[in-house]
Amino acid sequence: MASFPKRTVTCGGLRGEDERRDVVLNGWVDVVRDLGGLLFIDLRDRYGVTQAVVDPDVVDAERLARARELRPEYVVALAGTVRRRPAENVNRERATGAVEVLVRDLEILNRSKTPPFEIRDDAQVSDEVRLRYRYLDLRRSSLRGALEKRNAFFLALRRALEREGYIEVETPLLTRMTPEGSREYVVPSRVHPGRYYALPQSPQVFKQLLMIGGLDRYFQIARCLRDEDLRADRQPEFTQLDLELSFGDEEDVFSIIESVLRDAIRDTFQREVAVPFRRMAYQEAMDRYGLDKPDLRFGLEIRELAGCLRGSGFRVVDEVLAAGGLVRGLVVEGGAERLSRKEIDGLTEFVAGFGAKGLAFLKADAAGALSGSLARFVDGERRARLRAECGFRDGDLLLVVADRPAVACRSLGELRNELARRLGLVPRDERLEFTWITEFPMCEWSDEEQRFVATHHPFTMFSEEEPGQLERGPGKVRARAYDLVLNGWELGSGSVRIHTREEQQRVFQLLGIAPDEAREKFGFFLEAFEYGAPPHAGIALGLERTLALLLGRGNIRDLVAFPKTASAKCLLTGAPTDVPEQVLRDLGLPCAAPQRGAEDCPARGGG
RNA sequence: GGGGGUGUAGCUCAGACCGGUUUAGAGCGCCAGCCUGUCACGCUGGAGGCCGCGGGUUCAAGUCCCGUCACCCUCGCCA
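As structure tokens, this is what we get:
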């Protein structure tokens, strides 16, 4: 038997046709409006808000007194009769606004302290307070709605993948450390003192083993953990749609992802996405947009300026070109008036943040007069070329970076995004510009490590134009890897995998992983290749990022029920915490705790 | 690890640039009283401050200086 009057409807369920029904509501008090005689209670739960009326002519003094005790966030059970509101009192803002519940009886199930912030969507509250009292923030429809969308989207993904014959398999959370890649969380073993598991940065190795195991079509909505510094779009724990297929290649991965995303977005957001997605080679993305995750919602493409500016007397240009650098820029339409000298100085600092040593500029006013740091190097002929080749017209602003290729592309790419934000070039509609970025280089030379490092990961298949190219000119070999980009965010990446031991060993060797080391760290994996590994390919998509873009949110924190701060702390529980010395001893860990001041305690409810 | 921003009432913020001007304010919330059709109810009154923390300069510090902590953004990092 229930110890309290159990609800017969939710706070979002009543409509005009429920008139005269006897109901019980359970929920939180949203607000009480005590008019002295009549008293209105807005009662809230996940499903909505319903107005209840306590009428002193209907209830006895004891119940009236109890009603007057109610405060926001009290948990109550209300019993009463549904009645239509008089026409002039209908609240059209609310789904239940045509009715109200005339209270016959009420019980306070729990009291609440005054919450640290009001449970209202329009209340502006700092992230710090929201995270500390996350359970209160969860009562607000904005956060709850995001989690409901997350759930609906995940279900839709699972439905679509089920339909395509994919099977969801869970892979271990306690696994072995991988030598390449991001920093992993390490878990000490009590049973094996001095030995450690690692939490997976991704299920990469296991999903390939599942292919070798003949699972054929695998997916997992998988938690991934990385001990790296955080950003608005990065949490230490995040969720990927991880997917792998056998006997297929890029085309199969593209088509399954396109179809699954299209269906899930249609089901969850009632929005249509055009498939197939656009495709763009890495080099084209870098040349036109400066970044490997271009935002294609606006133009403002990067212009090649070597031809127009070579030999103009602007020394930096010629020096940079002679050293193999790039001279490129952006033409800002109407920018001559829209951007002041001071703002351009600010942009110079902005690109300096990405290593650019300078930002030259040229303004042409409405009458055609030139000004700016480039003006004295641009004669009539060069001006005509700028107009013809780059569309530089009167009233426009040309911003130029001359630098090493990597710096020139990056700084102009970031500058392009920044200008689009400032000048309002990003369309306000909800357009979704999906793009596959393909043909990444296989590896890059790392000055820091003095070796080649894999651009994607060391299990990625490469495409050699001739045998032995990987060894002779590794910088020129392309990986069969691809990224999925949406509106300037990288949603995820994947590749066709290596499936023979020989090719895998060639890549390990290229990356400077000695045969002994490879055997020790990846022996089990190389061995698996010797027992009939099928050709396979796959991808992993960051689902919080995908949802953040679909919901128009600037960070992924609200797609996570209990997120961590920029310093990877949980403000609700206080994690990470010290642990008792005995626990460390049992684990065979050194007990010397670093000297520290008093740690913040988790919230105790204030007041 | 580096850079930038923020930190003042429960919440969101003024005050700080140029030290003394009020007894550090506002809106919301909170408490009390009044109010029988409100819906962010209204009206009247009230309580509430280690000005993040520690040091320094000064006759005098919310305000200036140094350090430190927390949160946010970001570079590095994130195969």
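Quick note, the first sequence lines up with residues 1061 to 1667 if you use my numbering. Ideal Cβ positions, reconstructed from N, Cα and C, are used throughout, including at glycine. Being a predicted model, the structure only gives us computed values, none of them experimental.
Three-state secondary structure assigned by DSSP to residue i
i	result
Arg1398	helix
Leu1544	strand
Phe1414	coil
Met1271	helix
Pro1487	coil
Val1333	coil
Cys1503	strand
Arg1436	helix
Gln1280	strand
Lys1624	coil
Gln1111	strand
Ala1295	The displayed chain sequence assigns Gln, not Ala, to residue 1295. Three-state result, Gln1295: coil.
Leu1390	strand
Leu1458	strand
Asp1355	coil
Gly1554	strand
Glu1364	strand
Ile1616	coil
Lys1423	strand
Gly1533	coil
Met1346	helix
Residue i classed as buried or exposed, judged by whether at least 16 other C-beta atoms fall within 10 angstroms
i	result
Asn1149	exposed
Gly1484	exposed
Glu1046	What the structure shows of the chain is the stretch from 1061 to 1667, and residue 1046 is not part of that stretch, so it cannot be assessed.
Gln1330	exposed
Lys1066	exposed
Arg1375	exposed
Phe1279	buried
Pro1172	The displayed chain sequence assigns Ser, not Pro, to residue 1172. Exposed, by the Cβ-count rule.
Asp1197	buried
Glu1133	buried
Thr1011	The question about residue 1011 has no answer, for the chain in this structure spans 1061 to 1667.
Val1202	According to the sequence displayed, residue 1202 carries Ser and not Val. Flag for Ser1202 reads exposed.
Met1271	buried
Thr1299	buried
Met1521	buried
Asn1170	exposed
Thr1174	exposed
CA nearest to the CA of residue i, picked from the options
i	options	result
Glu1563	Phe1584, Leu1551, Gly1554, Pro1527	Pro1527
Thr1498	Met1340, Val1486, Leu1098	Met1340
Asp1454	Glu1478, Glu1397, Phe1298, Arg1538	Glu1397
Pro1146	Ala1139, Val1136, Val1161	Val1161
Gly1225	Leu1166, Glu1188, Ser1306, Arg1199	Ser1306
Asp1543	Phe1314, Phe1298, Arg1243, Leu1095	Phe1314
Leu1407	Leu1475, Val1391, Phe1452	Leu1475
Asp1102	Val1089, Gly1096, Leu1095	Val1089
Ala1424	Thr1633, Asp1347, Val1391	Val1391
Val1118	Thr1174, Asp1187, Leu1530, Leu1099	Leu1099
Ser1372	Phe1437, Leu1074, Met1237, Pro1239	Phe1437
Arg1488	Phe1494, Thr1495, Ala1480	Ala1480
Contact check, residue i vs residue j, beta carbons under 7 Å
i	j	result
Ala1593	His1559	yes
Gln1295	Pro1518	no
Asp1355	Asn1615	no
Lys1353	Glu1478	no
Ala1541	Ser1555	yes
Leu1301	Leu1631	no
Leu1138	Ala1112	yes
Phe1059	Pro1534	Nothing about residue 1059 can be read from this structure; the chain reaches only from 1061 to 1667.
Arg1445	Cys1368	yes
Ala1621	Leu1290	no
Tyr1257	Leu1275	no
Ser1506	Phe1414	no
Phe1589	Arg1561	yes
Gly1473	Leu1351	yes
Ile1179	Arg1199	yes
Leu1285	Glu1297	yes
Val1083	Val1069	yes
Ala1600	Gly1552	yes
Ala1206	Ala1324	no
Ala1216	Asp1327	yes
Cβ-heavy atom distance, residue i to the ligand MN, below 6 Å
i	result
Arg1511	No copy of the ligand MN occurs in the structure displayed, which carries no ligand at all.
**Asked** How do the stretch 1240 to 1252 and the stretch 1356 to 1365 stand: do at least 3 beta-carbon pairs fall below 8 Å, yes or no?
**Response** No, the stretch 1240 to 1252 is not in contact with the stretch 1356 to 1365.
**Message:** For the structure I just gave you, are there three or more beta carbon pairs, one from the stretch 1376 to 1389 and one from the stretch 1460 to 1471, closer than 8 Å?
**Reply:** Yes: at least three Cβ pairs fall under 8 Å.
**Asked** Does the stretch 1118 to 1131 come within contact of the stretch 1067 to 1080, defined as at least 3 CB pairs closer than 8 Å?
**Response** Fewer than three Cβ pairs drawn from the stretch 1118 to 1131 and the stretch 1067 to 1080 lie within less than 8 Å of each other, which leaves the two stretches out of contact.
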